[in-house]
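The next block holds one structure in the form of structure tokens; read it before the comments.
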Amino acid sequence: MRVTLVTGGSGFVGTWLVRALLDAGDEVRVLARNPARLDRLPVERLQVIEGDVTDPEPVQQAVRGCARVYHCAAFVGFGGAREHAPMMRVNVGGTRTVVDACLEEGVERLVHTSSIAALGRPERSQGCYDETTDWVESSLNTHYALSKHLAELEIHRGVAEGLDAVMVNPSLVMGPGRPGENTMRIAGNLKRGKVPGIPSGATNVVDVRDVAAGHIAAMDRGRTGERYILASENLTWQVILSTLADELGVQPPKRSISLRKALVAGAVSEVWARISGRPALLTREAARVTGHRTCYENAKAVAELGVQFRPFLETARDMAAAVR
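Now the structure itself:
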């Protein structure tokens with residue numbers, strides 16, 4: 002039976018992707034830094050390789066004998082400069098390690114989990130972004146965005162060396178998952194009344210289950226070297242938080258927070274984090290991301306991959322049920 006590898010199989014996207022692959026009848030191998038984090042999956046049905054995605058030896062072991070590879074492992078965050086080094090190590094160095102192993106082992110195809118962040122964010126809006134958007138240096142580009150952009154360059158390098166690889170670029174991934182982690186943290190904070198206000202910006206959201214389906218569609222139908230934006234609805238943060246609050250049965254935040262105020266709060270929070278040794282509740286990076294309005298097109302993924310995206314209302318309902 003064909004063996005499929007998923008790196009980052011214990012993560013938010015990786016967990017749902019592994020479930021979808023198992024449902025499709027695939028023999029699935031998972032590379033996991035901490036196998037204990039696979040507790041939301043039927044581990045007895047998996048081949049588990051313990052190791053870090055930046056370590057060539059376990060990566061080579063995991064890739065060996067696999068026909069298909071999904072590279073989902075990543076360091077995601079908006080912690081600013083203090084997260085730059087680990088992001089470069091994991092997101093860029095890890096991708097380089099996976100690409101090299103895939104080339105050496107002769108895998109049939111690699112699907113790389115990128116991000117809309119890898120498209121970059123020009124300081125002046127250019128309308129909705131699509132797969133043709135070129136990276137430009139901008140103060141709106143986070144350390145995470147830079148790391149995912151450089152990771153895409155590693156994929157292109159692999160393709161130039163003969164690797165069959167495709168990239169998918171999810172927007173803000175939401176959906177049911179482990180309480181208190183990823184975007185489930187937003188739902189939990191809303192439930193407890195710990196969201197102080199509504200950011201002034203807008204973004205695109207996508208359901209994690211549709212992202213998993215998009216990965217599989219990219220593996221089956223994507224064109225080599227291409228990227229596909231996996232995105233559903235372009236929404237303001239007011240709509241996102243109000244919809245989620247309604248499904249949770251709580252009042253949404255009343256106060257709107259301007260970008261200027263959010264940046265000041267982020268700066269204060271970062272100073273307190275350095276003094277206390279605790280993570281910042283808000284960073285200036287997070288303030289910039291949530292305070293600007295961006296939108297994204299999904300026409301290419303719909304047309305070429307045949308992916309369908311559910312409305313955010315359905316996602317919000319399932320997130321609320323997971324919080325309860």
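In my numbering, each residue's number is its place in the sequence shown (first place is 1) plus 1.
By construction, the Cβ of each residue, glycine as well, lies at the ideal position given by its N, Cα and C atoms.
Keep in mind it's a predicted model, so treat the numbers as computed, not measured.
So residue i and residue j are in contact, right, with Cβ under 8 Å, and what is the actual spacing, rounded?
i: Arg-285; j: Leu-260; result: Going by Cβ atoms, the distance from Arg-285 to Leu-260 rounds to 10 Å, so no, they are not a contact pair.
i: Glu-364; j: Val-64; result: No answer is possible for residue 364: it lies beyond the span of the chain, which begins at 2 and ends at 325.
i: Ile-199; j: Leu-242; result: 6 Å
i: Leu-245; j: Ala-317; result: 5 Å
i: Ala-118; j: Ala-146; result: 4 Å
i: Gly-95; j: Val-54; result: 4 Å
i: Met-88; j: Phe-76; result: 5 Å
Give the range of the beta strand (DSSP E) segment to which residue i is assigned.
i: Ala-33; result: 28 to 33
i: Val-112; result: 110 to 114
i: Val-174; result: 173 to 175
i: Glu-51; result: 47 to 51
i: Glu-234; result: 234 to 237
i: Leu-231; result: 228 to 231
Would you kindly report the start and end of the unbroken alpha helix (DSSP H) that includes residue i?
i: Val-137; result: Counting along the chain, Val-137 falls outside any alpha helix (DSSP H), and DSSP gives it neither H nor E.
i: His-345; result: The requested residue 345 does not occur in the structure, where the chain is confined to residues 2 to 325.
i: Thr-98; result: 95 to 106
i: Leu-120; result: Here Leu-120 belongs to no alpha helix (DSSP H), and DSSP marks it neither H nor E.
i: Leu-264; result: 260 to 277
i: Arg-289; result: 285 to 292
i: Val-19; result: 13 to 24
i: Pro-87; result: 85 to 88
i: Arg-318; result: 313 to 324
Rounding to the nearest angstrom, what Cα-Cα distance links residue i and residue j in this structure?
i: Arg-186; j: Ala-213; result: 20 Å
i: Ile-276; j: Lys-195; result: 22 Å
i: Val-14; j: Ala-266; result: 30 Å
i: Glu-248; j: Trp-238; result: 15 Å
i: Trp-273; j: Gly-81; result: 14 Å
i: Glu-138; j: Tyr-71; result: 29 Å
i: Val-19; j: Cys-73; result: 11 Å
i: Ala-33; j: Leu-22; result: 17 Å
i: His-293; j: Asp-208; result: 21 Å
i: Pro-123; j: Glu-153; result: 18 Å
i: Ser-115; j: Lys-149; result: 6 Å
i: Arg-41; j: Asp-319; result: 16 Å
For residue i, which of helix, strand or coil comes out of DSSP?
i: Asn-183; result: coil
i: Met-2; result: coil
i: Arg-65; result: coil
i: Asn-190; result: helix
i: Ser-148; result: helix
i: Ala-203; result: strand
i: Val-44; result: helix
i: Pro-306; result: Note that residue 306 is Leu in the sequence shown here, rather than Pro. Of the three classes helix, strand and coil, the one that applies to Leu-306 here is helix, per DSSP.
i: Val-60; result: helix
i: Val-251; result: coil
i: Asn-92; result: helix
i: Ala-82; result: helix
Return yes when the C-beta of residue i is under 7 Å from any heavy atom of the ligand GDP, and no when it is not.
i: Arg-3; result: In the structure shown, the ligand GDP is absent, as is every other ligand, since no ligand is present at all.
task: May I ask you to verify whether the stretch 165 to 180 touches the stretch 218 to 225, counting CB pairs closer than 8 Å and requiring at least 3?
output: In this structure the stretch 165 to 180 lies against the stretch 218 to 225, because at least three pairs of beta carbons, one per stretch, are closer than 8 Å.
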